[in-house]
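Numbering (the numbering used here), first residue to last: 1 to 133. Don't be surprised by glycine CBs; every beta carbon is placed ideally from N, CA and C. Small disclaimer: the values here were computed from a predicted structure and weren't measured. So the structure is just underneath, and the comments pick up after that.
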Ligand SMILES: [Zn+2]
C-alpha cells in the first residue's frame, strides 16, 4: 500500500495530498486503508470504459492527518526506493510549509492568551468579549 501511494503538492498557497488508489486498489481496499490510517476520505470515479471497474481512491488532504499520520506511517513502512525518494522530497516541502504557516498565525494580543488572532488583534473569544456589548 505504501508503494501504491502518491504524494502531491500543488497550488499557491501549497496544498498537499497523499492518495492511494486510482484503480490500483478497489474500494473495499481503500476503506481498509482509511480505517488503518484513521484519516482521509474515499473518492470514487465513474468507470472510464464500460468493461472497467469504477475506480476509488483514499485521499488525505488535511495537514494534521498528513503530518501526524501519513508521515510517521511512511517513515516506518516505505522501503528504500524511488517512491521513498519522492516521499522524502514531499515530506520536506510539507514540513517546511507547515512551519511557515504556523509562523504566520500570530497570537492574540491579550497577555497570556495563545489563541490565534482573528480580528482587531484579538482571538475569537476575546473579540466577542470586547465587542459584543
Ligand atoms: Zn485571546
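Starting from the N-terminal side, write out each stretch of the alpha helix (DSSP H) that is 4 residues or longer and does not extend beyond the stretch 2 to 32. none
Please classify residue 82 as buried or exposed, where buried requires at least 16 neighbouring CB atoms within 10 angstroms. exposed
Thinking C-alpha only, which one of 124, 5 and 18 is nearest residue 63? 18
Give the straight-line distance between the Cα atoms of residue 154 and residue 70, rounded to the nearest whole angstrom. Residue coverage of the chain in this structure runs from 1 to 133, which leaves residue 154 outside it and unanswerable.
For residue 9 and residue 15, I'd like the C-alpha separation in whole angstroms. 6 Å
Specify the secondary structure class of residue 71 as computed by DSSP and reduced to three states. helix
Contact set, ligand 1 heavy atom to C-beta under 7 Å: 108, 110, 113, 115, 122, 123, 125 and 126
Considering residue 57, what are the terminal residues of the beta strand (DSSP E) in which it resides? 55 to 60
Is the beta carbon of residue 38 less than 9 Å from the beta carbon of residue 20? no
Per DSSP, which residues does residue 89 bridge with? Please list them. None, per the DSSP bridge assignment.
For residue 111, which of 126, 67 and 105 has the nearest alpha-carbon? 126
Assuming contact is defined by CB atoms lying nearer than 9 Å, are residue 115 and residue 123 in contact in what I supplied? yes
Answer with buried or exposed for residue 130, where buried requires no fewer than 16 other C-beta atoms within 10 angstroms of its C-beta. exposed
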